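*Asks:* Residue numbers (the numbering used here), protein chains in the order written: chain A, 294 to 688; chain B, 10 to 135.
The beta-carbon is built from N, C-alpha and C at its ideal position, and this holds for glycine as well.
No experiment lies behind these values; they were computed from the predicted model shown.
What follows is a structure written as structure tokens; I'll ask about it next.
Laid out in structure tokens, this is it:
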């Protein structure tokens, strides 16, 4: 073998040579760097966006062989077993098993549960109605995805769940209903969650009067420890009996919350909130980013998904605000409708937006704790909606 | 799937979400009622509650409602505004926050009443 042949072979097997074979790979690398810029410099959901963008970068570097969508296609078609993927797959294929099986989103929910205080919700149970109304975005986007863009029902359901403004739920449902669309849906969900302070305020000001925004709410009643401990157990029993398909998500959310509230498992609560959450976030974000392979991501469908995601967020905000306005009227001006927009989940970003807008209208207005009620209700609401969609379209 | 079928599924979906959350609302109300009843039964006869400090409006901002039931019957030093609860916040940060709030409101700090301070972490996002 001559030196020239060796050099030629070396050149042909290098990533630079392979990069020239398809311009879309270069576009994806640029796109991944753009997302990294948003995460690192603009601080848009950096904990997730940096991992997603880096996974996207790795998977589109030719020759890296870290993720093989064709293996997963064969697995879904029943031609391969999971052990074959472990044997033949790359690092990101192995990490992706946790996404495919729904393990990571459920574990993230456990961490979220351990960090969430359901006190404001227990103090004002009417918040649950606002959390339900804000799920309007899910079903509005689902309808549009079918009516306007002709998506299959399972893909439309996955697109709709972006409106739940809840990343783990969106990933959990999409990995089961439409795994090919996981990357654009996850990126749309997390990007719009980061953009909530820009997306929501114009709609909030458009749909509410100054008088409504100025409304001050009474201080929340105190909630006993006993109620906080009983709540996760009761929610798990009733909601999982109503919709068994939602058990992995809601069960983990409530288990994490029980760790936090019972006062006997501080170590477990700490692990769920910190160490476990961080590890799973790394695995989840990189493996979700890895699914953004250039020949599947650079399609018109991705653009439609981005557009529908924005529509879903706006409709979710509108749903919460309209019910908030109704409650303002029915309560004789005791409920500020701005807390309705916090029903879109995105904890605690959406509640902060309600607080900011309320204080903008009346500097003495403190809506944060009131908005946390609909905010955490939105998490339960979006999980229920995801359970419904999985039960209907997952069969 | 036709648009009509999608519309029916959407309506059904929103109804299921409302049903689940209304069910939870009812359960929470029942749980609260039962819990309050149990607490009333087990609560010992309390001594006379201390007189709540008189709150005045500062700079056009109404003072917190002091007519609300007193949560604890712990005796405080004369002039005390009660106990401040700190969650994930050290006393030094709490002191700075109270000073900032007083400065923002242009109100003397001894005319404000702080009930609790809780840190909302940046990472606490779903």
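Less than 8 Å between the C-beta atoms of residue 577 of chain A and residue 401 of chain A, yes or no?
*Replies:* Going by C-beta atoms, residue 577 of chain A is nearer than 8 Å to residue 401 of chain A.
*Asks:* Please return the same chain residues whose Cβ sits closer than 6 Å to the Cβ of residue 618 of chain A, not counting the five positions on each side in sequence.
*Replies:* These residues qualify, in order along the chain: 630.
*Asks:* Is it the case that the stretch 630–645 of chain A contacts the stretch 602–611 of chain A, given that we only count it when at least three CB pairs across the two stretches are under 8 Å?
*Replies:* The answer is yes - the stretch 630–645 of chain A touches the stretch 602–611 of chain A, with three or more Cβ pairs under 8 Å.
*Asks:* Give the interface partners of residue 678 of chain A over in chain B, defined as CB-CB distance under 7 Å, in chain order.
*Replies:* The answer, in chain order, is 22, 26.
*Asks:* Which same chain residues, not among the five before or five after residue 311 of chain A, have their C-beta less than 7 Å away from its C-beta?
*Replies:* Within the same chain, residue 311 of chain A has close Cβ partners 355, 356.
*Asks:* DSSP three-state call for residue 126 of chain B: helix, strand or coil?
*Replies:* Looking at residue 126 of chain B - three-state DSSP - the assignment turns out to be strand.
*Asks:* Taking only beta carbons into account, state which residues of the stretch 308–324 of chain A come closer than 9 Å to chain B, listed in chain order.
*Replies:* Flagged: no residues at all.
*Asks:* Tell me whether the stretch 359–367 of chain A and the stretch 506–513 of chain A touch, counting them as touching only if at least three CB pairs, one residue from each stretch, are closer than 8 Å.
*Replies:* In short, these stretches do not touch, since the Cβ pair count stays below three.
*Asks:* By the DSSP assignment, the beta strand (DSSP E) with residue 95 of chain B in it spans what residues?
*Replies:* Its beta strand (DSSP E) spans residues 94–96.
*Asks:* For residue 311 of chain A, does the three-state DSSP call read helix, strand or coil?
*Replies:* It is helical.
*Asks:* For the alpha helix (DSSP H) holding residue 45 of chain B, just list the boundary residues, first then last.
*Replies:* Counting along the chain, the alpha helix (DSSP H) containing residue 45 of chain B begins and ends at 12–51.
*Asks:* If you count every other CB in all the chains shown that lies within 10 Å of the CB of residue 658 of chain A, and 16 or more means buried, which is it?
*Replies:* By the neighbour-count rule (16 or more Cβ atoms within 10 Å), residue 658 of chain A is buried.
*Asks:* Skipping 5 residues on each side, what residues in its chain have a beta carbon closer than 7 Å to that of residue 386 of chain A?
*Replies:* The residues are 360, 361, 364, 378.
*Asks:* Alpha carbons only, please: which of A/621, A/358, A/462 is nearest the one belonging to residue 306 of chain A?
*Replies:* The candidate whose alpha carbon is nearest that of residue 306 of chain A is A/358.
*Asks:* For the putative contact between residue 616 of chain A and residue 426 of chain A, defined by C-beta atoms under 8 Å, what is the C-beta separation to the nearest angstrom?
*Replies:* About 4 Å; that satisfies the 8 Å criterion.
*Asks:* By alpha-carbon positions, which one of A/393, A/422, A/650 ends up nearest to residue 466 of chain A?
*Replies:* Minimum Cα distance to residue 466 of chain A is reached at A/393.
*Asks:* Can you find at least 3 beta carbon pairs, one from the stretch 523–530 of chain A and one from the stretch 664–672 of chain A, that sit closer than 8 Å?
*Replies:* Not touching, per the Cβ criterion.
*Asks:* Give me the chain A residues within the contact set of residue 15 of chain B, using Cβ-Cβ distance strictly less than 8 Å, ordered along the chain.
*Replies:* Near residue 15 of chain B (Cβ distances below 8 Å), the residues of chain A are 435, 436, 439, 440, 446, 449.
*Asks:* Residues of chain B with CB under 7 Å from residue 674 of chain A, in chain order?
*Replies:* Residues of chain B passing the Cβ test: 26, 30.
*Asks:* Just checking: is the beta-carbon of residue 186 of chain B within a distance shorter than 8 Å of some beta-carbon in chain A?
*Replies:* Residue 186 of chain B lies beyond the residue range present for chain B, which begins at 10 and ends at 135; the question has no answer from this structure.
*Asks:* Return the residue from the list A/647, A/600, A/678 that minimises the CA-CA distance to residue 437 of chain A.
*Replies:* Out of A/647, A/600, A/678, A/600 has the C-alpha closest to the C-alpha of residue 437 of chain A.
*Asks:* Got a sec? Which residues, its chain only, sit under 7 Å from residue 660 of chain A by beta carbon, not counting five neighbours each side?
*Replies:* Here the set comprises 510, 629, 631, 632, 647, 648, 651.
*Asks:* Using beta-carbon positions only, say whether residue 320 of chain A and residue 591 of chain A come within less than 8 Å of one another.
*Replies:* Contact: yes.
*Asks:* At a cut of 8 Å, does the stretch 329–349 of chain A reach the stretch 550–567 of chain A through at least three beta carbon pairs?
*Replies:* Cβ pair count under 8 Å is below three, so no.
*Asks:* Taking only the alpha-carbon atoms, compute the straight-line gap between residue 10 of chain B and residue 686 of chain A and give it to the nearest angstrom.
*Replies:* Each residue's alpha carbon lies about 11 Å from the other.
*Asks:* How would you list, in chain order, the residues of chain B whose beta-carbon sits under 9 Å from the beta-carbon of residue 415 of chain A?
*Replies:* 37, 40, 41, listed in chain order.
*Asks:* What alpha helix (DSSP H) runs, 4 residues minimum, are completely inside the stretch 312–389 of chain A?
*Replies:* You should have 316–333, 339–352, 362–369, 375–381.
*Asks:* Report all residues from its chain with a CB closer than 8 Å to the CB of residue 614 of chain A; omit the five preceding and five following residues, and keep chain order.
*Replies:* Excluding positions up to five away in sequence, the list reads 496, 497, 500, 501, 630, 631, 633, 634.
*Asks:* By how many angstroms is the C-alpha of residue 623 of chain A removed from the C-alpha of residue 122 of chain B?
*Replies:* So the alpha carbons of these two residues sit roughly 31 Å apart.
*Asks:* Could you tell me the boundaries of the alpha helix (DSSP H) in which residue 598 of chain A lies?
*Replies:* Counting along the chain, the alpha helix (DSSP H) containing residue 598 of chain A begins and ends at 593–623.
*Asks:* If we ignore side chains and look at the alpha-carbon of each, how far apart do residue 96 of chain B and residue 129 of chain B end up?
*Replies:* Each residue's Cα considered, the two are about 10 Å apart.
*Asks:* Using only the alpha-carbon positions, how far apart do residue 314 of chain A and residue 304 of chain A sit?
*Replies:* Taking the straight line joining both Cα atoms gives about 13 Å.
*Asks:* For the stretch 538–561 of chain A, list every residue whose C-beta sits within 8 Å of some C-beta in chain B, in sequence order.
*Replies:* Of all residues in the stretch 538–561 of chain A, none has a Cβ within less than 8 Å of some Cβ in chain B.
*Asks:* Around the C-beta of residue 297 of chain A, are 16 or more other C-beta atoms found within 10 angstroms, so that it is buried, or is it exposed?
*Replies:* Residue 297 of chain A should be labelled exposed.
*Asks:* How would you call residue 545 of chain A, buried or exposed, if buried means at least 16 neighbouring beta carbons within 10 angstroms?
*Replies:* Its Cβ being crowded by 16 or more others within 10 Å, residue 545 of chain A is buried.
*Asks:* If I'm right that residue 482 of chain A touches residue 581 of chain A with Cβ under 8 Å, what's the distance once you round it to whole angstroms?
*Replies:* Contact doesn't hold; Cβ gap of about 10 Å is too wide.
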